[in-house]
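Protein sequence lines, in the order shown, are assigned to chains A and B.
Quick note: the first sequence uses our numbering, first residue -14, plus one each step.
Quick note: the second sequence uses our numbering, first residue -17, plus one each step.
Data block below; observations after.
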Amino acid sequence: MKTVSFKIVMALLLVVSFVYLACNKKELNVPPVTVTELSYFKTESEFRRAAIGAYASIIDYYSAANHGGGSAGTGGSSMFEIWFKPADDISTTNTKGDVWEYFGGLDPSASKLDQAYRSSYILIGRANKVIVKLREADPAIFVTSGLRETIEGEMLFLRSFAHYMLWNLFGTAPVDTIVVTSQDQIGLPSSKGNELLDQAITDLTKAIAQLPESWPESETGRITKNAALGLLGKVQVFKASSEKNPAAYQSAVDAFNQISGLSLTADFYDNFKEETENNSESLFEFQAGKNISGNGGNTWLANDACDCGTAGTSFQMFYEGSNGGSSNGIWRPTPKLISAFEAGDPRMEVTIDPDPATPRKFIKYVVGGDKTDGSPEISINNFRILRYADVLLLKAEAILKSGGSKSDAIAAINEVRTRARNGGTVPADFSTAETDETTIMQWIMDERLRELAGEGQRWFDLRRWHMAGYITLDNAFFGSLNPGDMEFDAKYLYFPIPLTETSRNVNIIQNPGY
Amino acid sequence: MSPKTLQPSILFAIFFLCSIIGYSQTQPVTGKVIDGKTNTPLAAASVVVKGNTNIGTSTDADGNFSIQVPGNGTLVITSTGFESREIPINNQRTLSVTLTSTTSTLTDVVVIGYGSRQKRDLIGSVSEIRPRDIERSTNLSPEQALQGQMPGVQITQQSGDPNARLTVRVRGTSTFTGNGAADPLYVVDGIPIIEGGQGITPDPINDPTRRGDLNIYSIINPNDIESISVLKDASATAVYGIRGANGVILITTKSGKGGKVRVEFNGSYGISNVPKQYDVLNTQQYVDFYTKAYNANPKKNNDVAIPIEEETEFFGSRWNPASADFIGNEGTYDWQRAVRKKNAIIQDYAVRAAGGSGPTTYNFSLGYSNQESPFVGTNTQRFTVSTNINSKIGKYIEVGLNVRGVQQNRKDQGADGDLEVYKAAPFQKIYDENGINGYAPLWRLNEPLTPTAFNFSPLYIRQGVPFSNTLAGASTGYTKSLNQTGLGTAYLQINPIAGLKIRGSISFQQITLRNDNYTNFDVWYFQETPGNPFSNVPNPAAGTRPIQLSVFNSITTSKTAALNADYTKSFGKHNINLTADISQQDYVWTVNGSNGTNLVDDPSLHFFSPSGMDRAYNETRDRYTLIGYLGRVSYNYDNKYYIDGVIRRDGTSKFAPGHQFGSFPSGAVGWRISQEDFFSDVRIINELKLRGSYGLLGNQTTKGWQFISVSGANFPNYNLGIPNTNQAGIAYTNFPNEFLSWEKLYSLNVGFDAQLLDNSISVTFDYYNKVTKGIIQSILLAPSSGIQQEADLNIADVLNRGIELTLGYTRKFGQVGFNISGNITTQHNEVLKLANENAALRGEQTSLEVGFPINYFNGYQVAGIFPDQKAIDDYNAVYNDVSSAGAAPGDLYFRDVYGSPKAGSTERNNDTDSTVNTDDQTYIGKSIPGYYGGVQLGFDFKGFDLSALFYLQGDVQRYNTVRAQGGETMNGYGRNMLTNVLDAWTPDNTNTSVPRAVYADPNDNVRFSDRWIEDAGYFRLQNVQLGYNFSPQFLARTKVISNFRIFLTGINLFTITPYSGLDPETSDFFPASRQFLVGVKATF
């Protein structure tokens, strides 16, 4: 019977190991091999880092990297062309067929539309993720007092900025405030009316209370309370003008009035020089720098510095090399812009190349102020996204249209003009005695053209003023090099929702006419 | 199963054991087993007592056996390829048994997943080959032997390189093909082999080749293989559950059979070469052709033609027949000849010793092979060792150990691209006795050489320095690969009662692969477009000549623990087999690599530490765990009615907790009609069995962690502060798909097996229909999701269906034996569903579209050649070809097939729009053959035997890379071309399909069109073998040798194909080689 007992022992041994294996389903909990979200967001510094990741998305709006419909990264390929070139201040080509200048044939497959659209939602997605994580986090991990609220404020601002951009470009793109965690959450519906702006107003209103007045020098570039107030006012003005809504104009005035500590720089040109970035006039700038790690320090790669496609060899617009050229030709002031300046306005010679050679070049951000770095050369000059002169002119408009003091409105314009003449005589102040609203509005519109030329504001202004009925957009108005080729139609106020969205999201309604 | 449920069986076992002890009255019996055909002793035949398989032995080399058996028992004697016999002992002490070889293979035992079956009892779809068929192939990797020898298994050699991976598809392509996702599962002696990196897209920047150059399945020496079974239908593969969807290749290695030691030697030695090369222009034709092409469309400056190469001071006159240095005065150098070896040596030797002593059986083997590539500079050596020992401890316990080790070394100092050298301009010199290593450089370096002033001038034509001197390049560097692999399994088995086996085993696998790549400074002289070798060396010391090194190490380990129970029992006419298995396999893969520049070129210091100064390092890991539970019931009544049920439950860490477990059921039924009484009158049909199966299988091949949000590989950064300081950011930008799951394959199979006319004809027929659902498609989501990366979603569906037919005929005509068998498989592959409302994904060779096969060719259709200007005007009056910058007579015109798709749709629009643009690219061919098959012929006469294997495939097209990418295109100049271009259209030569010779191709004749897609069906004589077996009577006199065979083999002797390239199957630049071998097989 010895063998029998041995056999029983062996059988039991096998059965025990069998049971051990069978029960051990937790063996499937294999630890992952990379940094995961689950193990992240555990410390204050991790939140800061994630916030930087969201900031980095801003790069995409201004990057020259071409990621060809990119998978991992996105953006680039000078996507700012899509909102710079439809305007009447700047032009690159006399070739009919450039849809951004002449509109005709603009369709949902345009890859730059996709880049702008996608980049906006990547920015929103990153901001949303940080917001959600902040709310889930144990408050005890925030050692620095108020940091949790501050970061949330910054993220709300960034989300608002992206929603604002989406409204200006597409009008009906979805409002996005969620972090997608399951497949059925994909497919947000188109927004209606001004929901994109309304969301930005809600977010900015909340952010204002949470953001600091200023940052230490080492953190310069992060969002301040003034930035949020400025953007809130701007969004309110946009909402008001597009809805012909005086109450919103009043809200804008209220927001602008809370801005404190900002002033126009003495010299207009300080707003376009690398040496005078983040100055007293600045509310929000894209921090272009030389030290983006990897890839030869190329600032203009897409935000994740992924060298996935052909990186822009140079930042193409504000670059003194290659004739200030872009891939589509040289950036030129339109005849309309040239004639908008009064003779002797000092702003003109730093905006437009005084050399009357053909073609005349657009030189704002370039002459004397452009600074390039690295090889290939790139501009490291900050893009001024929101500056105080813009705020003053918006404020003038808001005061005027909300029924406020016309002389206050004119005074705001004159503040900009005073700085512009910089001790000289031109441009002279407008008369504060003027009471005709149309005249004053025309002053504002003209001043915005001169002051903000080539800063990516103009198309957005034209668009909302058209909605407000202050102007009527017709082909002649644009002043592009070949006005006769313009094929503008009211449908182009809303760029088409990109095919990449409409083909994947059944809840999207394409804008009319595409 | 729990301890409680096992208890009764233990009690039962004790009872049963006692009864055996009580009834056994044994006596010794000795005997000899003879092969009835050759009258020679039959070694390794199995001798067991009927009803008690625990008592058994096998015959020694002389066919002798001795066994202790009950005097009233019956012995069952079996041997592969022979009819088994049952001999009642009737108290005899010596027996002489003659086995006759089977004309019918019904009693052959076929290895199936987790067990084996006699062929007649097989109701799943399983094909198997045995050593004598495996030995036909000389490939290092065993799968090559399957080509043409079994239906439903498509083997494609990607390259004639003995190291190249083979593509294996079982019954079609059931999923999208990236990263090994459609490859079958390989199981070696019951252990699934996991290859590192499968399912993972390699890092495109740091290392595109992490899976390595070596085909890891060559770790198994074909000489060690006892059988290869391929499991094809659901009932056969469901036992591998989540890994079964692409079919399973079961490799069973040889083991000892007991008895006196038997030593086997196999050796072969032969030559291998690539007999064909491309017909290219000689120097005079070349000059003439390019001059003509250039004159047809010269480069112009302000409408004035620039003479060809005018900008190059040295060669401005070289195109001028009047000048002394006219290229046309030069000789022609045959580059293809220079890279081909006349005869590369391939050799393979294996020794195996197997036998047994008492309760122990053993098998040891040693193998060596050395395969030179048919192209210069490359060879592969492989050493293999294996040991397996099985031993019975007492009556009920068995232990065993199976260990296998491989070392494979490959040194590649070959010409890159091999036959791609056809592109070298014919006047470009190969050798130069004054050049470095005796090769002709492409550049002249302007001394002094300093890193900042690195000036060079071309020695050949400026734009088209025709082609890198790859032969010279090979002399300046190498790639070495070293693969060391160990596989080992140890088991403990107890047989508590008759028919029940419980086995616990543990297995380890480690595959290490090291790749070293070294290039010295001089390679610079020989490169087509050299870069500054100092570019990564900021401040080199004077006279420094940096070298480039890159190294990577890939280590794959896996551990498998398994417990298996198998119970076989017959009650009257009821036969039942129960199998249960539980296993866990853990896999870890690490790959790390470095590349960089080294300043010291000391051959013994070709690694980084001594002086490495500029290097990048990267590392990647992957791991997962798989737990599987398996239960199978096989029942038959009277070997007539069969039913099988399998359920496999798998848990995998590749998916999210809560979504890790899946069940894979399958069922099969079989009916041997020929066993029915009513069938006994049917004389023609000896055997007829109907089979059917249906089941669910899985495929989990995908990169892991898709259910977890992970940070992107590239971290976003942003500048803050004055001055700007770069701040590291992080972003979680993917879509953690918690619901991601394995792909599900629903597989149906119906078929029959039949034997006719005294078993001389065998027929096997199967119809299969497989639908894969939820194929993991990586897609970009709607941008508004905010998800930046492609997300893996279970979306696409694919259908594969077809039939398999195998026919065999065996007959003996007097002393001449003859057999022929053939098989054919058809496959219909069709994408049924895709992501984003079936949005088509069209690429030239990688198109996915509903209603079309995977990876069909999408291109333009050539409508014809413009005969004259009027035809061009007529065409242009109607059509606008957006790719054409201007056509002339002799250019191609293309069809306007479709209009622009409607907004928001990718569907083709049948309303043509008179515009020829990318919308008009259409289906022009497919890469998955509609059918393939093989034919085997065999004759034997006395000691001689002759066999031949033919392989064929058809209904398949192929993109002719050589013609399309330079050989017949005229968009540049400099490189050599195929002589096809001599037939280019001219006003006097209009009956041609080759467009006119024109520089820069203004009409874009080269575009991806059906011009480059060729029928790639073929019929090939895969191999022929003539062998002679020395007669046993003769060998008996040696007293040592019991078997001796010599043979001659020819491989890849001829191919009939309409394909105009060198080979319709393999790479255009490394076609399959032709081989002749002589071999010996001896048993001692």
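Each residue gets a CB set at the ideal place from its N, CA and C atoms; glycine is no exception.
Compare the Cα-Cα distances from residue i to each of the options and report the closest residue.
{"i": "residue 748 (chain B)", "options": "B:164, B:772 and B:216", "result": "B:216"}
{"i": "residue 991 (chain B)", "options": "B:1012, B:875 and B:1002", "result": "B:875"}
{"i": "residue 200 (chain B)", "options": "B:257, B:127, B:250 and B:248", "result": "B:127"}
{"i": "residue 841 (chain B)", "options": "B:988, B:896 and B:714", "result": "B:988"}
{"i": "residue 439 (chain B)", "options": "B:452, B:424, B:451 and B:449", "result": "B:424"}
{"i": "residue 644 (chain B)", "options": "B:364, B:1059 and B:633", "result": "B:633"}
{"i": "residue 995 (chain B)", "options": "B:943, B:1034, B:1016 and B:249", "result": "B:943"}
{"i": "residue 211 (chain B)", "options": "B:245, B:240, B:237 and B:166", "result": "B:166"}
{"i": "residue 170 (chain A)", "options": "B:774, B:888, B:930 and B:764", "result": "B:764"}
{"i": "residue 152 (chain A)", "options": "A:165, A:105, A:400 and A:141", "result": "A:105"}
{"i": "residue 152 (chain B)", "options": "B:58, B:218 and B:568", "result": "B:218"}
For chain A, find out if any of its Cβ atoms is closer than 8 angstroms to the Cβ of residue i; answer yes or no.
{"i": "residue 993 (chain B)", "result": "no"}
{"i": "residue 158 (chain B)", "result": "no"}
{"i": "residue 721 (chain B)", "result": "yes"}
{"i": "residue 642 (chain B)", "result": "yes"}
{"i": "residue 604 (chain B)", "result": "yes"}
{"i": "residue 607 (chain B)", "result": "yes"}
{"i": "residue 703 (chain B)", "result": "yes"}
Leaving aside the five residues before and after residue i along the sequence, list all residues of the same chain whose C-beta is less than 6 angstroms from its C-beta, in chain order.
{"i": "residue 133 (chain B)", "result": "786, 788, 805 and 807"}
{"i": "residue 333 (chain B)", "result": "247 and 348"}
{"i": "residue 1036 (chain B)", "result": "1003"}
{"i": "residue 732 (chain B)", "result": "674 and 749"}
Between which two residues does the alpha helix (DSSP H) harbouring residue i extend?
{"i": "residue 148 (chain A)", "result": "132 to 154"}
{"i": "residue 1016 (chain B)", "result": "1014 to 1018"}
{"i": "residue 530 (chain B)", "result": "Counting along the chain, residue 530 (chain B) falls outside any alpha helix (DSSP H), though it belongs to the beta strand (DSSP E) covering 529 to 553."}
{"i": "residue 239 (chain A)", "result": "231 to 243"}
{"i": "residue 106 (chain A)", "result": "96 to 121"}
{"i": "residue 44 (chain A)", "result": "43 to 47"}
Taking CB distances under 8 angstroms as the criterion, tell me whether residue i reaches chain B.
{"i": "residue 498 (chain A)", "result": "no"}
{"i": "residue 15 (chain A)", "result": "yes"}
{"i": "residue 180 (chain A)", "result": "no"}
{"i": "residue 338 (chain A)", "result": "no"}
{"i": "residue 171 (chain A)", "result": "yes"}
{"i": "residue 407 (chain A)", "result": "no"}
Can you name, in chain order, every residue of its own chain whose Cβ lies under 7 angstroms from the Cβ of residue i, other than the five neighbours on each side?
{"i": "residue 174 (chain A)", "result": "159 and 492"}
Apart from the five residues on each side of it in sequence, which residues of its chain come closer than 8 angstroms, Cβ to Cβ, to residue i?
{"i": "residue 671 (chain B)", "result": "102, 105, 652, 653, 654, 655, 656, 734, 735 and 736"}
{"i": "residue 1038 (chain B)", "result": "1000, 1001 and 1002"}
{"i": "residue -5 (chain B)", "result": "Because the pLDDT at residue -5 (chain B) is just 43, under 50, the model does not fix this residue reliably, and the value given afterwards should be weighed accordingly. 478, 479 and 482."}
{"i": "residue 456 (chain A)", "result": "430, 447, 450 and 462"}
Kindly indicate the opening and closing residues of the beta strand (DSSP E) around residue i.
{"i": "residue 743 (chain B)", "result": "743 to 761"}
{"i": "residue 641 (chain B)", "result": "No beta strand (DSSP E) holds residue 641 (chain B); DSSP gives it neither H nor E."}
Within the region 321 to 354 of chain A, ranges of the alpha helix (DSSP H) (whole runs, at least 4 residues): 331 to 336
Which complete alpha helix (DSSP H) runs does the region 358 to 424 of chain B hold, if anything under 4 residues is left out? none
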